[in-house]
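Those letters in the sequence shown? Residues 37 to 390, per the working numbering, in order. Note that CB positions come from ideal geometry on N, CA and C, so glycine has one too. Reading through the structure tokens given below for one structure.
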Amino acid sequence: MAILVTGGAGFIGSNFVLDWLAQSKEPVINLDKLTYAGNLGNLVSLEGNSSHVFVQGDIGDRSLVSRLLVEYKPRAILNFAAESHVDRSIHGPGEFIQTNIQGTFNLLECTREYWLNLDEQAKCNFRLLHVSTDEVYGTLSPDAPAFTEEHAYEPNSPYSASKAASDHLVRAWHHTYGLPVLTTNCSNNYGPYHFPEKLIPLMIVNALAGKPLPVYGDGMQIRDWLYVKDHCSAIRRVLSAGHVGETYNVGGWNEMPNIEIVKTVCTILDQLRPKPDGSSYDTQICYVQDRPGHDRRYAIDARKIERELGWKPEETFETGIYKTIRWYLDNPQWVQDVQSGDYREWVGKQYGSV
Ligand code: NAD
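Structural data, given as structure tokens:
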């Protein structure tokens, strides 16, 4: 038995692979293209672990994906592979269409062919779990109820539209071909190994480097936040107990405006790594032009997964953000390594300074 994880060198995928192998001997075949966001440095602790097989490649490569399925005969596929950054999708949507839509389509077709050839028992037990986002639901007004699984899809960015399309393909492959799929739609994750183009790690690394902390618009965009290891436990739970064909919203009941997140990061850094001049890191906050089409609010109603599968997050935002900041302070080499090349070029383009 084995599982195939796609995108397992990225932020959530690598946390998932590490968590999985900490709890199970069942091998993980990790297929990742190693784009700018894929980092084998996240997986160094697995060196020499024969239960982790890393394969560099594209989910859109039909012959490669088919060969891996035949060779390793996974009992499940977990699809984390994606282009995931909204800002990048605005500047260059092509790769989002290619990986998130075309790549998912290819993965579904290869999986269908493989699944059809399994014996009846293996066919019955097989699952394809597609990892998606709350951004597919679009934006919420301030007093609207949080997104349930019944909420209409209204994606607003090229990223969320491409993820929405992939969710629809996954759904259709179940309804049309009977493929045993599961989909999770999760809110914003944070935690170790998060590439510092995203809000929380960007604020931590910029604060420590004495650089500006760029906040979009008025900073009042609201997101729900979930510690990445809680997302991983939700995915394990859905894989083992989720009902085939269903989708599960995953969230932390932690709605917060971006500016409050940034101020919290500053306050914790003030305690853990006080600045020599005694000033607060929040003096580095600066407001920059808002992202075009920026959704104002996302909120996840996670009652279905709690009620039906008995899942609950372990971390509160207070404990999770503290652990996250501690991790960044304890891993300066990882931070230094990811801040080279593509990262510097991108941040320079985005904010005009590196
Ligand atoms: P990430 O950008 O950190 O990692 C994506 C990984 O996929 C990288 O390792 C990259 O190399 C790999 N990849 C990209 N294109 C590929 C391709 N064509 N073939 C194979 N591998 C490829 O993303 P993440 O934040 O870890 O997100 C993982 C998944 O979870 C995505 O599907 C994303 O939409 C979803 N999600 C993310 C969040 C979040 O807050 N980060 C929240 C909800 C859902």
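Residue i versus residue j: straight-line alpha-carbon distance, rounded
i: H211; j: N161; result: 17 Å
i: E351; j: P110; result: 31 Å
i: K265; j: E119; result: 21 Å
i: A277; j: Y252; result: 39 Å
i: Y323; j: E62; result: 47 Å
i: S102; j: N153; result: 12 Å
i: G314; j: L249; result: 18 Å
i: D254; j: A158; result: 53 Å
i: G74; j: E344; result: 33 Å
i: I271; j: W151; result: 21 Å
i: M292; j: D331; result: 14 Å
i: K348; j: L238; result: 28 Å
i: V371; j: G77; result: 10 Å
Below-8 Å beta-carbon distance, residue i vs any chain B residue
i: D306; result: Note that chain B does not occur in the displayed structure, where there is just one protein chain.
Residues that residue i bridges to, as DSSP identifies them
i: P221; result: Note on residue identity: the sequence assigns Asn, not Pro, to residue 221. Looking at the DSSP assignment, N221 forms a beta bridge with S168 and N285.
i: I258; result: P293 and R333
i: V41; result: N66 and L114
i: Y364; result: Beta-bridge pairing links Y364 to no other residue.
i: V251; result: Y323
i: Y226; result: Y263
Under 8 Å between C-beta atoms of residue i and residue j
i: V91; j: L67; result: yes
i: I95; j: V64; result: no
i: Y263; j: K340; result: no
i: P191; j: A182; result: no
i: I297; j: I361; result: no
i: I240; j: T300; result: no
i: T303; j: L143; result: no
i: F52; j: C268; result: yes
i: A335; j: L176; result: yes
i: D203; j: V167; result: no
i: N290; j: F231; result: no
i: F132; j: Y229; result: no
i: G287; j: D170; result: yes
i: R327; j: P178; result: no
i: L218; j: E282; result: yes
beta-carbon residue i near the ligand NAD non-hydrogen atom, thresh 7 Å
i: S87; result: no
i: N224; result: yes
i: A391; result: Since the displayed the chain opens at 37 and closes at 390, residue 391 lies outside it and no answer follows.
i: P206; result: According to the sequence provided, residue 206 is Val. The question's Pro does not apply to it. Not so, every heavy atom of the ligand NAD lies at least 7 Å from the Cβ.
i: F90; result: no
i: K69; result: yes
i: V101; result: no
i: D94; result: yes
i: K199; result: yes
i: T169; result: yes
i: F116; result: yes
i: I48; result: yes
i: S177; result: no
i: F231; result: yes
i: T300; result: no
i: E119; result: yes
Beta strand (DSSP E) runs wholly inside the stretch 61-116, at least 3 long, in chain order: 64-68, 88-92 and 112-115
Minimum length 3: unbroken beta strand (DSSP E) runs contained in the stretch 304-339: 321-324
Residue ranges of each beta strand (DSSP E) within the stretch 117-196, 3 or longer: 163-169
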